[in-house]
Amino acid sequence: MAHAIRFHETGGPDVLRREQVTVGDPGPGEVRVRHEAVGLNFADTYFRTGLYPAPLPAGLGVEAAGVVEAVGAGVTHVGAGDRVAYTGSPLGAYSTERVMPADSLIRLPDAIDSETAAAMTMRGLTAAYLLRRIRPLEAGDTILLHAAAGGVGLIVCQWAKLLGLTVIGTVSTEEKAELARAHGCDHTVLYRREDLAARVGELTDGQGVPLVLDSIGKDTVDASMASLRRRGLLVCFGTSSGVPPLDAMQLAVHGSLFVTRPALADYIAEPAERDALAAELFDHVAAGRIAIRVNQRYALDDAVAAHRALEAGRTTGSSVLIP
Numbered sequence: 077m078a079h080a081i082r083f084h085e086t087g088g089p090d091v092l093r094r095e096q097v098t099v100g101d102p103g104p105g106e107v108r109v110r111h112e113a114v115g116l117n118f119a120d121t122y123f124r125t126g127l128y129p130a131p132l133p134a135g136l137g138v139e140a141a142g143v144v145e146a147v148g149a150g151v152t153h154v155g156a157g158d159r160v161a162y163t164g165s166p167l168g169a170y171s172t173e174r175v176m177p178a179d180s181l182i183r184l185p186d187a188i189d190s191e192t193a194a195a196m197t198m199r200g201l202t203a204a205y206l207l208r209r210i211r212p213l214e215a216g217d218t219i220l221l222h223a224a225a226g227g228v229g230l231i232v233c234q235w236a237k238l239l240g241l242t243v244i245g246t247v248s249t250e251e252k253a254e255l256a257r258a259h260g261c262d263h264t265v266l267y268r269r270e271d272l273a274a275r276v277g278e279l280t281d282g283q284g285v286p287l288v289l290d291s292i293g294k295d296t297v298d299a300s301m302a303s304l305r306r307r308g309l310l311v312c313f314g315t316s317s318g319v320p321p322l323d324a325m326q327l328a329v330h331g332s333l334f335v336t337r338p339a340l341a342d343y344i345a346e347p348a349e350r351d352a353l354a355a356e357l358f359d360h361v362a363a364g365r366i367a368i369r370v371n372q373r374y375a376l377d378d379a380v381a382a383h384r385a386l387e388a389g390r391t392t393g394s395s396v397l398i399p
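The working numbering numbers the first residue of the sequence shown as 77 and each following residue consecutively.
Written as structure tokens, this is what we have:
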């Protein structure tokens, strides 16, 4: 029997349960995938707590990599034996195997193993759209990146250097600051101890930055706005500290700012655009220009401990669950 991590009520990590599940044959447009590694993402906690509603009982997880075991009628872009990854699919990645829509799958190049793929597909595609689709950026621009030592942050730091950008990254500890700098972050700020906006002002000759990438939310939104230059863009792509209360008048007060709350799903909804972003990401990783650090590995059955570590801020880089 296959097994999966599921929850029957929303709440803390302890609501997660290991259950046996029956995985049948794929129907039209579906595939059965055997997982080799599952991505652990902070967004998973939003479903578990109910911030992102899901019909209960529910599986968990939207990212994994593995091998196609069977395909249903009408599936032509992947076949049995193909190595694949996916992100943004229906909940249920926390499992040993599953049947799922074939359209979600991205074929993996030989140079990228399953752990790396599970650790980077969501984070890497997020980094890709943040740097390549949100706003035109030119070599020499300076950006402010929150959580620079996180899974998305470490990829953004490396990719930004390939684009000739200067990165000011916020971190919570000296250890994380060192990690971010090792991945290309030019300047680090301990945002819980330092005046972030003042520090950004010092580093930009009082001009501020044109772009802030903020995955923290409520705890950083004020400093983020204060760090932007006139007509700058605040990208709230995560809410690890809660949803930020945004007052439209403050956008005017801080210099006619723009703000967006994007979702990865809207940047990979079209297969052609998803495949273009994935190809660029995979090329950088396969060539060694971007390194993916899998810094935490947990057994799938240890999902409760993994969620506790994630919410306590004890993780760096990327984490995976091994079925």
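Don't be surprised by glycine CBs; every beta carbon is placed ideally from N, CA and C.
Have a look at residue i and residue j and give me their C-alpha separation to the nearest angstrom.
{"i": "V311", "j": "V335", "result": "6 Å"}
{"i": "V243", "j": "G389", "result": "22 Å"}
{"i": "L184", "j": "G105", "result": "19 Å"}
{"i": "T392", "j": "A225", "result": "6 Å"}
{"i": "G155", "j": "A203", "result": "29 Å"}
{"i": "A274", "j": "S303", "result": "8 Å"}
{"i": "S248", "j": "A256", "result": "11 Å"}
{"i": "I344", "j": "L333", "result": "26 Å"}
{"i": "I292", "j": "I368", "result": "21 Å"}
{"i": "A355", "j": "D158", "result": "17 Å"}
{"i": "A195", "j": "G164", "result": "14 Å"}
{"i": "D262", "j": "L230", "result": "12 Å"}
{"i": "A130", "j": "I81", "result": "15 Å"}
{"i": "L397", "j": "A328", "result": "44 Å"}
{"i": "L287", "j": "R305", "result": "8 Å"}
{"i": "R199", "j": "Y205", "result": "10 Å"}
{"i": "P133", "j": "A385", "result": "24 Å"}
{"i": "M90", "j": "F313", "result": "This sequence places Asp at residue 90; Met is not what is there. Approximately 27 Å between the Cα atoms of the pair."}
{"i": "T86", "j": "E173", "result": "24 Å"}
Look at residue i and residue j and say whether their C-beta atoms are less than 8 Å apart.
{"i": "D217", "j": "P347", "result": "no"}
{"i": "H84", "j": "S171", "result": "no"}
{"i": "G115", "j": "S190", "result": "no"}
{"i": "S395", "j": "A382", "result": "yes"}
{"i": "M301", "j": "Q283", "result": "no"}
{"i": "L136", "j": "L167", "result": "yes"}
{"i": "V228", "j": "L207", "result": "no"}
{"i": "V138", "j": "V107", "result": "no"}
{"i": "Y267", "j": "T246", "result": "yes"}
{"i": "V297", "j": "P320", "result": "yes"}
{"i": "I219", "j": "L289", "result": "yes"}
{"i": "V370", "j": "T197", "result": "no"}
{"i": "V175", "j": "V99", "result": "yes"}
{"i": "R307", "j": "G331", "result": "yes"}
Run through the DSSP bridge pairs and tell me what residue i is partnered with.
{"i": "E106", "result": "P177"}
{"i": "V288", "result": "L220 and L310"}
{"i": "E139", "result": "T163"}
{"i": "Y267", "result": "Per DSSP, none; premise fails for Y267."}
{"i": "E95", "result": "A80"}
{"i": "Y374", "result": "L397"}
{"i": "G245", "result": "L221 and T264"}
{"i": "A156", "result": "BP columns for A156 are empty, so no partner."}
{"i": "G115", "result": "V396"}
{"i": "L304", "result": "V285"}
{"i": "I335", "result": "Residue identity check: residue 335 is Val in the sequence provided, not Ile. Answer is L310."}
{"i": "A134", "result": "F83"}
{"i": "G226", "result": "G393"}
{"i": "S171", "result": "A80"}
{"i": "V361", "result": "Answer is none; V361 lacks a bridge partner."}
{"i": "A146", "result": "R108"}
Between the options, which has its C-alpha nearest residue i's C-alpha?
{"i": "E278", "options": "R268, D290 and T264", "result": "T264"}
{"i": "E387", "options": "D290, L220 and N117", "result": "N117"}
{"i": "D186", "options": "V370, R305, R373 and F358", "result": "F358"}
{"i": "V109", "options": "D90, L181 and R93", "result": "L181"}
{"i": "R373", "options": "E173, R269 and E112", "result": "E112"}
{"i": "Q96", "options": "M77, R199 and T280", "result": "M77"}
{"i": "A140", "options": "T121, A161 and D295", "result": "A161"}
{"i": "E251", "options": "L272, A223 and G240", "result": "A223"}
{"i": "G240", "options": "G260, L221 and A253", "result": "G260"}
{"i": "D120", "options": "L92, G308 and V147", "result": "L92"}
{"i": "A169", "options": "R269, L376 and E254", "result": "L376"}
Worksheet item: Just checking, does the stretch 234–249 make contact with the stretch 195–213 on the three C-beta pairs under 8 Å criterion?
Response: The count of Cβ pairs closer than 8 Å, one atom from the stretch 234–249 and one from the stretch 195–213, reaches three, so the stretches are in contact.
Worksheet item: Is there contact here, the stretch 120–130 with the stretch 94–108, by at least three beta-carbon pairs under 8 Å?
Response: Remark: fewer than three beta-carbon pairs, one from each stretch, lie closer than 8 Å, so the stretch 120–130 and the stretch 94–108 are not flagged as touching.
Worksheet entry | Three-pair Cβ contact test at 8 Å for the stretch 329–343 versus the stretch 362–377 | With fewer than three CB-CB distances shorter than 8 Å, the stretch 329–343 does not count as touching the stretch 362–377.
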